[in-house]
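A.B. asks:
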Amino acid sequence: MVECLATEHNEIYRALPGLEVPVGEALLSLSNMWDAPASSEGSRAPSEFRASRMNFILHFGFEASTEESEELFQSVISFSQRYPCRIIALCPSRDKNATGQGIVCKIFSECYIGEGQGDMSCCEAIVFGYTLKEKQYLEDQISIFLESDLPTYYWPYRFDSPENLSDYQSFFKNVNRVVIDTASETYQPHMLDIAEPSKVYDLAFARTLSARQSIGQFFSVFSAEDIVNGLNRIEIVTSADHEAEMVALSNWIQSVLGDCGNSVDKTKPAESISCGLSVDPQSVPTLRFSYGNGSSAECMLDFKSGVAHLRANIGGDDHAMNAAIHLLNPDDALAESLFFG
Amino acid sequence: MSQDSRHPFLKGLSKHRGAQPTIITIFGASGDLCARKLVPAIYNLAVDNLLPPEFSLIGYGRKPIPDEEFRKLAHDSIKEFSRRSLNEEIWKRIEDNTYYCSGGYDEIDAFKALEAKIESIEKVMGCEAQSVIYLSTPPSVFEPIIVNLGASGLATRYQDSDSHTKVVIEKPFGKDLESARHLNKVIQGVLQERQVYRIDHYLGKETVQDLLVQRFANSIFEPLWNRRYVDNVQITVSESLGVGTRGGYYEQSGATRDMIQNHTMQLLALTAMEPPVSLDPEAIRDEKVKLLKAIKPLNLDYAHSDVVRAQYKEGLVDGAKVQGYRQEEGVSADSETETYAALRLNISNWRWEGVPFYLRSGKRMPRRVTEISIQFKRPPSTLFSENEMFNLAANSLVFQIQPDEGSTVLLNAKIPGLQTRTQPVKMHFKYSATFGSNTPEAYERLVLDAMLGDGTLFIRGDETEASWNLITPLHDFWASEGRRGMENYVSGSWGPLAADRLLWDNTHEWRKP
Numbered sequence: 074m075v076e077c078l079a080t081e082h083n084e085i086y087r088a089l090p091g092l093e094v095p096v097g098e099a100l101l102s103l104s105n106m107w108d109a110p111a112s113s114e115g116s117r118a119p120s121e122f123r124a125s126r127m128n129f130i131l132h133f134g135f136e137a138s139t140e141e142s143e144e145l146f147q148s149v150i151s152f153s154q155r156y157p158c159r160i161i162a163l164c165p166s167r168d169k170n171a172t173g174q175g176i177v178c179k180i181f182s183e184c185y186i187g188e189g190q191g192d193m194s195c196c197e198a199i200v201f202g203y204t205l206k207e208k209q210y211l212e213d214q215i216s217i218f219l220e221s222d223l224p225t226y227y228w229p230y231r232f233d234s235p236e237n238l239s240d241y242q243s244f245f246k247n248v249n250r251v252v253i254d255t256a257s258e259t260y261q262p263h264m265l266d267i268a269e270p271s272k273v274y275d276l277a278f279a280r281t282l283s284a285r286q287s288i289g290q291f292f293s294v295f296s297a298e299d300i301v302n303g304l305n306r307i308e309i310v311t312s313a314d315h316e317a318e319m320v321a322l323s324n325w326i327q328s329v330l331g332d333c334g335n336s337v338d339k340t341k342p343a344e345s346i347s348c349g350l351s352v353d354p355q356s357v358p359t360l361r362f363s364y365g366n367g368s369s370a371e372c373m374l375d376f377k378s379g380v381a382h383l384r385a386n387i388g389g390d391d392h393a394m395n396a397a398i399h400l401l402n403p404d405d406a407l408a409e410s411l412f413f414g
Numbered sequence: 065m066s067q068d069s070r071h072p073f074l075k076g077l078s079k080h081r082g083a084q085p086t087i088i089t090i091f092g093a094s095g096d097l098c099a100r101k102l103v104p105a106i107y108n109l110a111v112d113n114l115l116p117p118e119f120s121l122i123g124y125g126r127k128p129i130p131d132e133e134f135r136k137l138a139h140d141s142i143k144e145f146s147r148r149s150l151n152e153e154i155w156k157r158i159e160d161n162t163y164y165c166s167g168g169y170d171e172i173d174a175f176k177a178l179e180a181k182i183e184s185i186e187k188v189m190g191c192e193a194q195s196v197i198y199l200s201t202p203p204s205v206f207e208p209i210i211v212n213l214g215a216s217g218l219a220t221r222y223q224d225s226d227s228h229t230k231v232v233i234e235k236p237f238g239k240d241l242e243s244a245r246h247l248n249k250v251i252q253g254v255l256q257e258r259q260v261y262r263i264d265h266y267l268g269k270e271t272v273q274d275l276l277v278q279r280f281a282n283s284i285f286e287p288l289w290n291r292r293y294v295d296n297v298q299i300t301v302s303e304s305l306g307v308g309t310r311g312g313y314y315e316q317s318g319a320t321r322d323m324i325q326n327h328t329m330q331l332l333a334l335t336a337m338e339p340p341v342s343l344d345p346e347a348i349r350d351e352k353v354k355l356l357k358a359i360k361p362l363n364l365d366y367a368h369s370d371v372v373r374a375q376y377k378e379g380l381v382d383g384a385k386v387q388g389y390r391q392e393e394g395v396s397a398d399s400e401t402e403t404y405a406a407l408r409l410n411i412s413n414w415r416w417e418g419v420p421f422y423l424r425s426g427k428r429m430p431r432r433v434t435e436i437s438i439q440f441k442r443p444p445s446t447l448f449s450e451n452e453m454f455n456l457a458a459n460s461l462v463f464q465i466q467p468d469e470g471s472t473v474l475l476n477a478k479i480p481g482l483q484t485r486t487q488p489v490k491m492h493f494k495y496s497a498t499f500g501s502n503t504p505e506a507y508e509r510l511v512l513d514a515m516l517g518d519g520t521l522f523i524r525g526d527e528t529e530a531s532w533n534l535i536t537p538l539h540d541f542w543a544s545e546g547r548r549g550m551e552n553y554v555s556g557s558w559g560p561l562a563a564d565r566l567l568w569d570n571t572h573e574w575r576k577p
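Sequences listed follow chains Y and B, in order.
The first sequence maps to residues 74 to 414 in our numbering.
The second sequence maps to residues 65 to 577 in our numbering.
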């Protein structure tokens, strides 16, 4: 075993912004950073805009590249300007065999000025570097940096398998919600070993909000019975860049169709409608409902042009609609995942 | 509609994402409110993807305006007044479905033409569309519009389904109890109560809605929220502006009609009502009505009067000299209209008996502020009696509704040092710092709620009557007294001395917001 500093083989830690301070002094240094005086007479000191509404733990896995991590960190900072949070970024050293020599940290804060002084908001982050040797201590070590009593959210990013994440069960247990992005991960949310699966929310699913809304509003004009009556299969075609979203959508559609079946006959267990998914680089993401009774339905979700073309002939009722759709931007998708979804 | 009763395809989506196909008709479409608030609200709902995919907007007014011109006016108003900048692509989707109909408010043929227009739009939509009628007109034409909505059949479209016509009515709702009752009667002759949405835009403000959360989602407040611990409650709605060019309108209105009978009374009801049995609209409105009905009639006897009225005179606001009310354009030189009113209310119920509620509203005050202040009783002075050693303040909880939305708790704390000295300190919760700014405008929430058929943030007919029932005797008394009892206050001040005296009876003082 090689003794190794938490900063060694830890490109992500080194790449993320911040001022390196001893871990024991991080909170004090952060406070001092905020205690800077107002920049001019009449203006207010940054500390007046210091606010935390929650804790956000961003945990990078070994599969995360430096560039991705920097980008993700910035997107969480941007989210924090709208929803102020204490950000904790955890960056493991890539040397899996190294024994550790403790944890290192950096502090970072940024103020977003906005259009007027009332719009100013400030956010803060503490970036930790650690070796795997210390992972068992990690939760206790960072616990003192979390704003107590406020909700905590956990985003593990690009761990090579859900099994590797099981080392961090304590996070799963003690946080309010776990977000993952299946567009970046090799596993689906249900594969996580977590006592409360409902805590896990997929950002890819969150991004489809406007598509779900349009599909929901479109199909709600038909009766639940007509929608499931004679329905054999749903074919989903997608381009590779929207695969995660379309998988999330197909899971949702299957669940909704189960509810439709249930609402028709509560005594019968909902039958599962089979769903096939194929990837075609040229194709506009599309859902096709195949019926055995002459009904038909198709939803073309053209995220690039921002229009959904929806048409259906169900139970003899013909209906078509074009609706505006878009994939939620990262801030909105996170807000949807953490608060509203 | 509960989540359980919704179509499976709408489950899992918030109710706000399930508005049904809608055609909104705005009466008074060439007016200021439409340009400043309603059209920008509709645009911002579109930005948030909260409009239903099948959506159309119809402007209705006396002035003949071609569709194209109305679209341009709407476009320009979004550019000027929207909280978010105009995205042409999003506007295009609204613009393509925006129309204008002209006609008088008492012309049945014009209403029939409007109905034909709505049906033709619905035909193109290819589905059942609800009609939301927004009355953004002067109150004098509410009655003919409502009558003609009935006569033309617009009021009774899809009467038995969720797509029934919804009618949103702007304030003021009546000018006294009699006119409010009359208007309610006209409405009842044409519409069912569930179709009617009487607006008080204060109820659409985030901080007003937060009042319910702060009161009923925090167990620390409820045990204190009664006569045992609350000393008095003060509600202030002040403006630094004068009447400006609206002198003619204001002469018919005054502070009590303009602010107190509606906004301030709603704030009072939400502050003092009993916990509703659920968040169901009717449950909340039932409690508000009960509270309004429990307010004792005002004592108008000059010796012990519960009210003060006043007019602003010349003074300084924001350092600039401003003229008095009776010198304003459109205002009579011997005007009897109050620009300031202060009321002392007593609520006759188990919770509030003996706790005075002070309400005040005025123009040309030092700053624009709306706040509710709960002043708690002082602790027994056995340990820290109030003298030069202990600067003790009564605890207070202040809800700032606007601006600087948030709340503040005033506590006493020890000044660091070897001797025990105390000083009041404030604990702030500031909305913009905690949740960020750019929250939706009140009208966005209210227009959306009307489309969704959710009346929680609207006022029921009996609420308006209960509130007028309290205020109308006051107006009748003032009308009989002429200028007697009318005080003056210097522009830029917090009101006349008589308003301070109103509180002295109970050794209280107005809070300086």
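Glycine included, every Cβ here is placed at the ideal spot set by N, Cα and C.
Quick one: grab the DSSP three-state call for B/M453.
C.D. replies: Coil, per DSSP.
A.B. asks: So for Y/F278, helix, strand or coil by DSSP?
C.D. replies: Correct three-state label for Y/F278: helix.
A.B. asks: Excluding the five sequence neighbours on either side, which residues of its own chain have a C-beta within less than 8 Å of the C-beta of B/P285, listed in chain order?
C.D. replies: Note that residue 285 of chain B is Phe in the sequence shown, not Pro. Excluding residues within five positions, the ones whose Cβ falls inside 8 Å are Q278, R279 and L461.
A.B. asks: List the residues of chain Y whose Cβ lies closer than 8 Å to the Cβ of B/K75, in chain order.
C.D. replies: Neighbours of B/K75 on chain Y, chain order: V329 and D332.
A.B. asks: Using DSSP with H/G/I as helix, E/B as strand and the rest coil, what is B/F145?
C.D. replies: Helix.
A.B. asks: Does the region 392 to 406 of chain B touch the region 306 to 326 of chain B, meaning 3 or more C-beta pairs lie closer than 8 Å?
C.D. replies: Yes, the region 306 to 326 of chain B touches the region 392 to 406 of chain B.
A.B. asks: For B/T86, which residues does DSSP report across the bridge?
C.D. replies: Looking at the DSSP assignment, B/T86 forms a beta bridge with B/F119 and B/Q194.
A.B. asks: Tell me the rounded alpha-carbon separation between B/F493 and B/Q487.
C.D. replies: The straight-line gap from Cα to Cα measures roughly 20 Å.
A.B. asks: Under 6 Å Cβ to Cβ from Y/A88, same chain only, skipping five residues before and after it: list those, please.
C.D. replies: Excluding sequence neighbours, Y/A88 sits near T139 and E143.
A.B. asks: Comparing alpha-carbon positions, which option in Y/P262, Y/Y203, Y/E197 and Y/C195 lies nearest Y/I176?
C.D. replies: Considering only alpha carbons, the answer is Y/Y203.
A.B. asks: What separation, rounded to the nearest whole angstrom, lies between the Cα atoms of B/D513 and B/F91?
C.D. replies: Approximately 18 Å between the Cα atoms of the pair.
A.B. asks: If you check the beta carbons only, do Y/G289 and Y/Y364 fall under 8 Å apart?
C.D. replies: Going by C-beta atoms, Y/G289 is not nearer than 8 Å to Y/Y364.
A.B. asks: How about Y/F413: is its C-beta nearer than 8 Å to some C-beta of chain B?
C.D. replies: It does; some Cβ of chain B falls within 8 Å.
A.B. asks: Taking the C-alpha atoms as reference points, what is the distance between B/A477 and B/N455?
C.D. replies: The alpha-carbon atoms of B/A477 and B/N455 are separated by roughly 10 Å.
A.B. asks: Using a threshold of 8 Å, state whether the C-beta atoms of B/I182 and B/I87 are closer than that.
C.D. replies: Contact: yes.
A.B. asks: Note down, in chain order, every chain B residue with its Cβ under 9 Å from the Cβ of Y/Q290.
C.D. replies: Within 9 Å Cβ-Cβ: F73, L74, L77, R81, G82, A83, Q84, P85, P116, P117 and E118.
A.B. asks: Between the Cα of B/A219 and the Cα atoms of B/K249, B/P236, B/R81 and B/V254, which residue gives the shortest distance?
C.D. replies: Here the closest residue by C-alpha is B/V254.
A.B. asks: Note down, in chain order, each residue of its chain lying with its Cβ closer than 8 Å to the Cβ of Y/E220, except the 5 sequence neighbours on either side.
C.D. replies: Closer than 8 Å at Cβ, skipping near neighbours: S125, M127, N128 and R159.
A.B. asks: Among the residues of its own chain, which have a CB less than 6 Å from the CB of Y/S239, if the five just before and after it don't count?
C.D. replies: Closer than 6 Å at Cβ, skipping near neighbours: D266.
A.B. asks: In the DSSP assignment, find the alpha helix (DSSP H) that holds B/Y32 and state where it starts and stops.
C.D. replies: One cannot answer for residue 32 of chain B here, as it falls past the ends of chain B, which runs 65 to 577.
A.B. asks: Closer than 8 Å is the cut-off here; do at least three beta carbon pairs connect the region 137 to 144 of chain B with the region 96 to 109 of chain B?
C.D. replies: Segments in contact, yes.
A.B. asks: Within this structure, are the beta carbons of B/Y266 and B/H228 separated by less than 8 Å?
C.D. replies: Cβ atoms of B/Y266 and B/H228: not closer than 8 Å.
A.B. asks: Output, in chain order, the set of chain B residues within a Cβ distance shorter than 7 Å of Y/Q286.
C.D. replies: Within chain B, the residues near Y/Q286 are L77, R81 and N113.
A.B. asks: If the cut-off is 9 Å on Cβ atoms, which residues from the region 155 to 169 of chain Y count as contacting chain B, listed in chain order?
C.D. replies: Those residues of the region 155 to 169 of chain Y that come within reach of chain B (Cβ to Cβ, closer than 9 Å) are R155, Y156 and P157.
A.B. asks: Within the region 349 to 405 of chain Y, note down every full beta strand (DSSP E) run reaching 3 residues or more, in order along the chain.
C.D. replies: 359 to 364, 369 to 375, 380 to 387 and 390 to 397, all fully within the region 349 to 405 of chain Y.
A.B. asks: Rounded to whole angstroms, what is the Cα-Cα separation between B/P208 and B/I142?
C.D. replies: Their Cα atoms are separated by approximately 30 Å.
A.B. asks: Do Y/E136 and Y/L231 have their beta-carbon atoms positioned less than 8 Å apart in this structure?
C.D. replies: The question names Leu, but residue 231 of chain Y in the sequence shown is Arg. In this structure, Y/E136 lies closer than 8 Å to Y/R231 by Cβ.
A.B. asks: Residues in the same chain with beta-carbon distance under 6 Å from B/F145, minus the five sequence neighbours each way, listed in chain order, please.
C.D. replies: So the list reads R100 and P104, once near-sequence residues are dropped.
A.B. asks: Kindly indicate if chain D contains any beta-carbon less than 8 Å away from that of Y/R126.
C.D. replies: Absence of chain D from the displayed structure is noted, the protein chains being Y and B.
A.B. asks: Using CA atoms only, rank isn't needed, just tell me which of B/A367, B/V386, B/R373 and B/L275 is closest to B/P339.
C.D. replies: Nearest of B/A367, B/V386, B/R373 and B/L275 to B/P339, Cα basis: B/L275.
A.B. asks: Can you check whether the C-beta of Y/H392 is within less than 8 Å of a C-beta belonging to chain B?
C.D. replies: Closer than 8 Å: yes.
A.B. asks: From this set, B/A336, B/Q273 and B/L97, which residue's C-alpha is nearest B/L17's C-alpha?
C.D. replies: Since the displayed chain B opens at 65 and closes at 577, residue 17 of chain B lies outside it and no answer follows.
A.B. asks: Here's a check: name, in chain order, each residue in its chain whose Cβ is nearer than 6 Å to the Cβ of B/M65, leaving out the five neighbours to either side.
C.D. replies: With a pLDDT of only 47 at B/M65, under 50, the local geometry of the prediction cannot be trusted, and no value is derived from it.
A.B. asks: Using a Cβ-Cβ cut-off of 6 Å (strictly less than) and excluding sequence neighbours within five positions of B/P203, which residues of its own chain qualify?
C.D. replies: P236, listed in sequence order.
A.B. asks: According to the neighbour-count rule (16 or more other Cβ atoms, all chains shown, within 10 Å of its Cβ), is B/T571 buried or exposed?
C.D. replies: B/T571 comes out exposed.
A.B. asks: Which bits of chain B does Y/V294 rub up against, with CB to CB less than 7 Å?
C.D. replies: In chain order: C191.
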